[in-house]
Ligand code: DP6
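Numbering (the UniProt record's numbering), first residue to last: 1 to 443.
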């Protein structure tokens with residue numbers, strides 16, 4: 001290999017003088033005048049290559065909630081769920097996975113800090129992806145990348161949003177891990193199981209648009225898979241606002257919370273058996289027909305039922321705060337004022353609200369939020385993400401909202417929309433690991 005056209009990537013003198021990276025059939029010509037071939041390699045030395053792949057994955061927000069497992073080990077749910085994939089321009093996880101015969105152990109860095117690679121869920125993902133890679137190889141596929149199966153892996157992952165703030169970071173994180181490892185090991189089969197073993201909701205982040213996670217019936221979980229219901233282009237007017245109430249770590253994690261709910265809540269059992277199946281069918285119809293009022297009402301009802309099962313859990317769990325309840329009130333008043341359902345809220349295992357509205361409703365709703373929750377000091381940074389034009393709030397709506405403003409109740413808003421599934425980044429500068437297989441210093 002000769003010095004690469006970029007600092008990190010090797011350029012080979014002749015095609016075939018190195019192993020191609022997963023996803024690329026062959027070496028590609030390097031840039032004009034640069035000489036050599038770009039082969040997707042990080043070069044340590046020509047005889048000690050590090051194969052690295054970097055991918056991104058989205059956050060998803062469930063509109064029919066997953067809450068409760070029937071098998072803790074395999075992460076099999078007691079009901080199906082349906083989610084909207086959020087756009088990665090605003091929220092995403094980026095992960096680099098690198099393999100080399102010189103690595104002596106598997107290692108992982110999250111947001112720049114090395115973490116325990118022995119963590120059971122991470123181990124389950126690694127075991128599962130290596131099993132799929134072996135299966136592919138024994139099926140007679142001669143992909144040279146499969147040779148890397150015996151190599152140790154280094155993984156680095158970063159989020160562009162606060163971890164564990166109720167913004168589904170584990171879903172994007174494990175989906176990204178599954179997707180990136182699949183590219184490194186040349187696995188092309190369904191990745192639901194790999195992502196799911198990390199975090200149940202992560203299997204829904206493997207696709208863009210509107211995604212269902214079918215609970216399945218089999219004891220081995222082979223039919224518990226995620227599937228796209230509609231692509232991200234299906235409903236272009238749909239907007240999503242994340243109202244960040246608190247960026248603190250939550251009190252009860254989802255895993256422990258749902259376990260206690262399964263053990264103690266009769267309402268949860270009723271919900272899983274008697275409510276969710278019909279709601280899955282109805283929500284699928286609402287999405288397919290772009291029926292916003294139907295979609296919005298069912299989204300709110302399902303969020304409320306999920307939080308009701310939390311209160312029905314013993315000892316009770318509560319994820320909503322006073323500000324969360326004020327947001328719910330605001331949404332209902334806003335809708336009542338307009339005489340139709342124009343806005344919907346949903347809350348996961350935390351106090352932040354995720355609000356759905358059609359594009360034309362967003363400016364007025366944001367003005368209503370500003371009225372009820374006047375920004376404390378960061379007036380100019382209150383709204384992040386997609387631009388929302390400022391509009392005045394009518395006196396009629398102000399009166400209809402009927403609230404005592406709560407200054408600082410909402411820290412900021414992220415305006416986003418429906419987005420695509422995981423992506424592979426071709427730009428070598430995107431790698432989070434350097435040629436030595438260690439995290440690059442943060443820029
Ligand atoms: C309230 O997927 O985080 O966000 O499978 O134990 O990792 P584990 O749980 P997790 O639970 C998500 C619960 C939820 C609802 C949802 O996303 O469907």
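Glycine included, every Cβ here is placed at the ideal spot set by N, Cα and C. Because the structure is a prediction, the values reported are computed rather than measured.
Can you list, in chain order, the residues of its chain with a C-beta nearer than 8 Å to that of residue 285? Leave out the 5 residues immediately preceding and following it.
On the chain shown, position 285 is the one that residue 285 refers to. These residues qualify, in order along the chain: 291 and 294.
For residue 407, collect the residues of the same chain with a Cβ closer than 6 Å to its Cβ; drop the 5 residues on either side in sequence, then sort them by chain order.
Locating residue 407 in the chain shown gives position 407, counting from the first residue. Same-chain partners within the cutoff: 374 and 376.
So for residue 174, helix, strand or coil by DSSP?
Counted from its first residue, the chain shown places residue 174 at position 174. Three-state result, residue 174: helix.
So, with DSSP's three-state summary, where would you put residue 385?
Within the chain shown, residue 385 is the residue found at index 385, counting from 1. The answer is strand: DSSP assigns residue 385 an E or B state.
Relative to the alpha-carbon of residue 94, which residue among 114, 130 and 179 has its alpha-carbon at the smallest distance?
Indexing the chain shown from 1 puts residue 94 at position 94. If we check each option's Cα against that of residue 94, 179 comes out closest.
Go ahead and pull the three-state DSSP assignment for residue 391.
As a working mapping, residue 391 is identified with position 391 in the chain shown. In this structure, residue 391 counts as coil in the three-state DSSP scheme.
Relative to the C-alpha of residue 103, which candidate in 78, 220, 255 and 152 has its C-alpha closest?
Your numbering for residue 103 matches position 103 in the chain shown. Among 78, 220, 255 and 152, the Cα nearest to that of residue 103 belongs to 152.
From 258, 85, 106 and 409, pick the residue whose C-alpha is nearest to that of residue 453; which is it?
The displayed coordinates of the chain run from 1 to 443. Any statement about residue 453 would go beyond what the structure contains.
Who pairs with residue 55 in a beta bridge, going by DSSP?
If you number the chain shown from 1, residue 55 lands on position 55. Note: residue 55 sits in a beta bridge opposite 95 and 424.
Report yes if the C-beta of residue 255 is less than 8 Å from at least one heavy atom of the ligand DP6; otherwise report no.
The count along the chain shown starts at 1 and reaches residue 255 at position 255. Yes, the Cβ of residue 255 comes within 8 Å of a heavy atom of the ligand DP6.
Using 8 Å as the Cβ pair cut-off and three pairs as the minimum, do the region 110-127 and the region 52-68 touch?
The region 110-127, when compared against the region 52-68, does not touch it at the 8 Å Cβ threshold.
Should residue 116 go down as buried or exposed, given a rule of 16 or more other Cβ atoms within 10 Å for buried?
Locating residue 116 in the chain shown gives position 116, counting from the first residue. By the neighbour-count rule (16 or more Cβ atoms within 10 Å), residue 116 is not buried but exposed.
For the alpha helix (DSSP H) that contains residue 123, what are its first and last residues?
One-based indexing of the chain shown puts residue 123 at position 123. Note, residue 123: alpha helix (DSSP H), 120-138.
Using 8 Å as the threshold, is the region 229-242 in touch with the region 204-220, meaning 3 or more CB pairs across them?
They touch, by the three-pair rule.
For residue 66, is the beta carbon positioned less than 8 Å from some heavy atom of the ligand DP6?
As a position in the chain shown, residue 66 is number 66, starting the count at 1. For the ligand DP6, at least one heavy atom lies less than 8 Å from the Cβ of residue 66.
Buried or exposed for residue 356, please, with buried defined as at least 16 other CB atoms from any protein chain shown within 10 angstroms of its CB.
Locating residue 356 in the chain shown gives position 356, counting from the first residue. Residue 356 is buried by the Cβ-count criterion.
How many Å lie between residue 433 and residue 170 at the Cα?
As a first step, residue 433 must be located in the chain shown, where it is residue number 433. As a first step, residue 170 must be located in the chain shown, where it is residue number 170. Cα to Cα, the separation comes out at about 21 Å.
With hydrogens ignored, establish whether the beta-carbon of residue 308 is closer than 8 Å to any heavy atom of the ligand DP6.
For this step, residue 308 is matched to residue 308 along the chain shown. Residue 308: no, Cβ never under 8 Å from the ligand DP6.
Using CA atoms only, rank isn't needed, just tell me which of 199, 301 and 333 is closest to residue 69.
Your numbering for residue 69 matches position 69 in the chain shown. Out of 199, 301 and 333, 199 has the C-alpha closest to the C-alpha of residue 69.
Excluding the 5 residues flanking residue 160 on each side, which residues of the same chain have their C-beta closer than 7 Å to its C-beta?
Along the chain shown, one-based indexing puts residue 160 at 160. Cβ within range, chain order: 91 and 92.
Curious, which full-length alpha helix (DSSP H) runs of at least 4 residues does the region 167-250 contain?
Listed in chain order, they are 169-185 and 192-198.
With respect to the alpha helix (DSSP H) encompassing residue 444, which residues constitute its N-terminal and C-terminal limits?
Outside the displayed span of the chain (1 to 443) sits residue 444, for which this structure offers no information.
Does any heavy atom of the ligand DP6 sit closer than 8 Å to the C-beta of residue 61?
Position 61 of the chain shown, counting from 1, holds the residue named residue 61. At least one heavy atom of the ligand DP6 is nearer than 8 Å to the Cβ of residue 61, so yes.
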